[in-house]
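Throughout the sequence shown, residue numbering follows the numbering used here, covering 104 to 149 in sequence. C-beta atoms are modelled at their ideal positions from N, C-alpha and C, and glycine is treated no differently. Computed from a prediction, not measured in an experiment: that's the story for all the values here. What follows is a set of notes on a single structure, which appears directly below.
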Amino acid sequence: MRTNDPLCASTGQLSDEDLALLLKELQSRRLIVVQDGKIAYALPPA
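What follows is the structure, given as structure tokens:
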């Protein structure tokens, strides 16, 4: 089930595809660093 409900992330309803896109977006903004498929560390927003 796909939804635009902003609560879906907090209720664990993100698909693997959505999660991958989210991680890629965060990496592109340099907010997180991913190593070996896991989040190594996250930086607070500037």
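| Hey, quick one: how far does the beta strand (DSSP E) through residue 138 stretch, first residue to last? | 135-138
| said: Which residue wins for smallest C-alpha separation from residue 133, given the options 124, 146, 125, 119? | reply: 146
| message | Do residue 135 and residue 143 count as a contact pair if the criterion is CB distance below 9 Å? | response | yes
| query | Which residues in the same chain have their Cβ closer than 8 Å to the Cβ of residue 137, if we skip the five residues on either side of it in sequence? | reply | 126, 130, 143
| task | Could you please give me the residues that DSSP links to residue 145 through a beta bridge? | result | 135
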